[in-house]
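Chemist: In the working numbering, each number is its position in the sequence shown, counted from 1, plus 1. Positions of the beta carbon are idealized from the N, C-alpha and C atoms, including for glycine.
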Amino acid sequence: MSPSDIQRPRFHFTPQRNWINDPNGLIWVDGVWHLFFQYNPLGNDWGNMSWGHAVSPDLVNWRELDVAIRFDAEAAIFSGSVVNDLRNSSGLGSKDAPPLVAAYTSAYATGKQAQSLAVSTDAGLTWRKYAGNPVLDRNSSAFRDPKVFRYGGEAGWWVLVSVEADDEEAHIFTSANLIDWTPSDRVAFPDKEQLLWECPDLFPLRHGGREVWVLVMSVNEKSRGRGSATRYLLGDFDGRKFTPLPGAGWEMLDHGRDFYAAATFNDAPEGRRIIIGWMSNWQYAGAFPSPTWRGSMTLPRELTLVEREGRLLVAQRVVSEAAKLERAAERVDLAGADLSAGVELDAGESYRLSLSLALGADAKLQIALAAAGQFATLVSYDATLGQLTLDRTCSGPDSIHPRFPSTSTAQPLASTTELQLDLYVDTTSVELFAADGNVAITDCIAPAPRPRKVRIRMTEGNATVVAGELVPIGDAAKPA
Ligand code: FRU
2 MSPSDIQRPR FHFTPQRNWI NDPNGLIWVD GVWHLFFQYN PLGNDWGNMS
52 WGHAVSPDLV NWRELDVAIR FDAEAAIFSG SVVNDLRNSS GLGSKDAPPL
102 VAAYTSAYAT GKQAQSLAVS TDAGLTWRKY AGNPVLDRNS SAFRDPKVFR
152 YGGEAGWWVL VSVEADDEEA HIFTSANLID WTPSDRVAFP DKEQLLWECP
202 DLFPLRHGGR EVWVLVMSVN EKSRGRGSAT RYLLGDFDGR KFTPLPGAGW
252 EMLDHGRDFY AAATFNDAPE GRRIIIGWMS NWQYAGAFPS PTWRGSMTLP
302 RELTLVEREG RLLVAQRVVS EAAKLERAAE RVDLAGADLS AGVELDAGES
352 YRLSLSLALG ADAKLQIALA AAGQFATLVS YDATLGQLTL DRTCSGPDSI
402 HPRFPSTSTA QPLASTTELQ LDLYVDTTSV ELFAADGNVA ITDCIAPAPR
452 PRKVRIRMTE GNATVVAGEL VPIGDAAKPA
């Protein structure tokens with residue numbers, strides 16, 4: 002392993018070399034999951050933005066391919082999406098070889114940002130920029146991140162959602178051919194928050210017999226507060242207008258610091274809605290130590306709608322395919338473990354830790370992950386408050402950046418004395434899911450010295466481990 006690979010996550014997507022940020026163009030085509038991403042082909046800092054490309058048969062083993070859409074002197078290639086133009090509505094392919102069409106933002110050297118297209122007629126391997134670019138231009142310097150999808154099936158039309166990032170506005174357009182776009186709605190609120198709105202997504206989820214639409218928005222406080230985060234708003238969508246559900250407001254999709262620019266796959270089979278985020282934060286993304294590559298994606302997560310205390314919420318779970326990489330023979334069973342005495346495990350660096358606990362009303366639980374000497378990442382649960390916290394203030398000797406050390410707290414759980422936790426730890430990251438995915442916290446952590454242990458104990462009160470296991474997770478296929 003080269004020095005730069007020592008801290009490489011084992012089961013998360015990372016590029017072979019160079020910088021990545023947002024996932025782009027997520028789509029399933031004929032059995033292949035495509036992940037494009039913001040990529041600097043020339044270095045491991047942000048710049049020369051292009052679309053990198055990786056493919057997977059199963060959402061967990063990724064193979065990195067050549068750069069798909071490359072920057073040029075005129076414009077960088079910012080974030081966007083890909084659709085499968087099966088009926089060749091754009092005329093950019095043919096009936097026999099329908100095109101994949103990428104909608105991305107041309108970030109022009111002049112400072113203008115407008116939406117452009119690129120076309121592939123070889124199932125995504127090679128791309129050419131459309132000669133008539135840009136196809137959607139508001140003469141703006143912050144008009145970006147088009148998410149395109151099909152509404153209403155064959156009889157329907159194309160929808161594009163993008164943002165005026167500085168104005169905190171989402172703009173919705175419709176088109177019959179992906180080239181000519183008509184404005185159909187603008188989503189904005191009177192109280193501006195001095196944020197950037199970026200990378201919108203819009204999709205339906207079903208709950209019982211009901212279809213509810215989810216508007217996902219990445220919001221960036223830049224150098225203030227907690228930096229980058231992803232929110233969602235539930236509503237109705239009629240193919241043209243998005244109307245928030247009565248009483249609905251923005252909810253956090255993830256309560257951690259490192260889940261940004263999240264996007265869902267177009268055309269996932271069986272009606273699945275699968276999301277991937279960039280596992281970083283603009284406040285310190287460039288400071289994370291990585292000599293030859295920088296940046297990682299979160300695990301793919303499947304989204305569902307759940308009802309909690311009469312309210313609809315989006316829940317998320319790591320896709321079941323992730324279990325393929327688990328090393329079941331090395332599984333440690335934790336059922337019945339005595340947490341009052343405390344449990345210490347030699348966990349390695351990449352594993353899933355799942356616990357299902359029945360806690361006393363005044364119980365306090367602490368899990369020290371990646372514990373080595375004075376360093377640890379602490380997950381705590383306080384049953385009196387129903388509150389989960391992820392504390393990385395002392396995760397490793399390198400504090401990374403002044404804005405990096407932090408504590409993330411999730412909304413209180415509905416049931417305070419029953420706790421179900423799934424933690425995915427992968428070298429320098431923790432993804433925590435609780436209460437059937439009602440709560441997620443995703444944080445990068447500073448590399449701790451080796452060896453790294455897991456310690457689970459009650460700091461107050463007691464708890465029974467109804468079920469529990471620690472399962473090491475092996476390497477996903479190498480990125481190239
Ligand atoms: C979000 C973002 C997008 C933009 C891209 C540029 O992380 O700022 O708005 O398209 O990154 O790399």
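Suppose the cutoff is 8 Å on Cβ atoms and the five residues either side in sequence are ignored; what does the same chain contact list for P480 look like?
Modeler: For P480, the predicted model reports a pLDDT of 48, less than 50, meaning its position is unreliable; a value from the coordinates is still stated below. Same-chain partners within the cutoff: F14, T15, P16, Q17, A55, W63, R64 and E65.
Chemist: Starting from I275 and walking both ways along the beta strand (DSSP E), at which residues does that stretch end?
Modeler: Start and end: I275 to W279.
Chemist: Who are the near neighbours of S416 in its chain, counting only those whose CB is closer than 8 Å to its CB and skipping five residues on each side?
Modeler: Around S416: G387 and A436.
Chemist: Output the distance between the C-alpha atoms of P245 and G257, rounded to the nearest integer angstrom.
Modeler: Answer to the nearest angstrom: the Cα atoms are 25 Å apart.
Chemist: My output table needs one value for P24: the three-state DSSP class, helix, strand or coil.
Modeler: Strand at P24.
Chemist: Pick helix, strand or coil for D167, following the three-state DSSP scheme.
Modeler: It is helical.
Chemist: A316 bridges to which residues according to DSSP?
Modeler: Its beta-bridge partners are T305.
Chemist: Could you give the C-beta distance for D444 and R393, rounded to a whole number, given that I count them as a contact under 8 Å?
Modeler: Sure, about 5 Å apart at Cβ, within 8 Å.
Chemist: Does the separation of the CB atoms of R139 and F204 fall below 7 Å?
Modeler: Contact: no.
Chemist: Please return the same chain residues whose Cβ sits closer than 6 Å to the Cβ of P448, not counting the five positions on each side in sequence.
Modeler: Cβ within range, chain order: Q8, G397 and T429.
Chemist: In three-state terms, what does DSSP make of S121?
Modeler: S121: strand per DSSP, three-state reduction.
Chemist: Could you check whether the Cβ of S416 sits closer than 6 Å to any heavy atom belonging to ligand 1?
Modeler: Outside the cutoff, so no.
Chemist: How would you label V466, buried or exposed, when you count the other beta carbons within 10 angstroms and need 16 or more for buried?
Modeler: By the neighbour-count rule (16 or more Cβ atoms within 10 Å), V466 is buried.
Chemist: Using DSSP's beta-bridge definition, name the partner residues of Q421.
Modeler: S357, per the DSSP bridge assignment.
Chemist: Kindly give me the distance between the Cβ atoms of A262 and N22, rounded to whole angstroms, as I take these residues to be in contact under 8 Å.
Modeler: Rounded, the Cβ-Cβ distance is 7 Å, consistent with contact.
Chemist: Around the Cβ of F190, are there at least 16 other Cβ atoms within 10 angstroms (buried) or fewer (exposed)?
Modeler: By the neighbour-count rule (16 or more Cβ atoms within 10 Å), F190 is not buried but exposed.
Chemist: Once DSSP output is grouped into helix, strand and coil, what is the label at G462?
Modeler: Reduced to three states, the DSSP call for G462 is coil.
Chemist: Can you give the Cα-Cα distance for D123 and S91, rounded to whole angstroms?
Modeler: Going by the C-alpha atoms only, they are around 16 Å apart.
Chemist: In three-state DSSP terms, what is G469?
Modeler: Three-state DSSP puts G469 in a strand.
Chemist: Going along the chain, which residues of its own chain have a beta-carbon closer than 7 Å to the beta-carbon of A98, five neighbours each way excluded?
Modeler: Counting only Cβ-Cβ distances below 7 Å, and skipping sequence neighbours, we find T122.
Chemist: Taking C-alpha atoms, which residue in I368, A384, A372 and G248 lies nearest to A359?
Modeler: That would be A384, whose Cα lies nearest to the Cα of A359.
Chemist: Would L43 be called buried (16 or more neighbouring beta carbons within 10 Å of its own) or exposed?
Modeler: L43 should be labelled exposed.
Chemist: I'd like the list of long-range same chain contacts for L93, defined as Cβ closer than 6 Å, with 5 residues on each side in sequence excluded.
Modeler: P100 and V120, listed in sequence order.
Chemist: Is the closest heavy atom of ligand 1 to the C-beta of E170 under 6 Å?
Modeler: Because no heavy atom of ligand 1 lies under 6 Å away, the Cβ of E170 does not count as near it: no.
Chemist: Assess, as a yes-or-no matter, whether the segment 288-303 is touched by the segment 235-250 under the definition of 3 or more beta carbon pairs within less than 8 Å.
Modeler: No: fewer than three Cβ pairs fall under 8 Å.
Chemist: Nearest to E169 by alpha carbon, out of V136, E345 and N221?
Modeler: When each option's Cα is compared against that of E169, the closest is N221.
Chemist: For F37 and S407, what's the separation of their Cα atoms in angstroms?
Modeler: Going by the C-alpha atoms only, they are around 30 Å apart.
Chemist: As a quick exercise: from S409, G374 and A411, pick the residue whose alpha carbon is nearest that of R456.
Modeler: The option with the nearest alpha carbon to R456 is G374.
Chemist: Using a Cβ-based criterion (distance less than 6 Å to any ligand heavy atom), does R139 qualify as near ligand 1?
Modeler: Not so, every heavy atom of ligand 1 lies at least 6 Å from the Cβ.
Chemist: Helix, strand or coil, according to DSSP, for R325 in the structure here?
Modeler: Checking the displayed sequence, the identity of residue 325 turns out to be Lys instead of Arg. Looking at K325 - three-state DSSP - the assignment turns out to be helix.
Chemist: Is the Cβ-Cβ distance between T231 and F260 less than 7 Å?
Modeler: Cβ distance < 7 Å, so T231 and F260 count as in contact.
Chemist: State the Cα-Cα distance for the pair G462 and G361, rounded to the nearest angstrom.
Modeler: Distance between the alpha carbons of G462 and G361 is about 6 Å.
Chemist: Please report the distance separating the alpha-carbon of R312 from that of D73.
Modeler: Taking the straight line from one Cα to the other gives about 48 Å.
Chemist: Quick check on D347: buried or exposed, where buried means 16 or more other Cβ atoms within 10 Å of its Cβ?
Modeler: By the 10 Å Cβ count, D347 comes out exposed.
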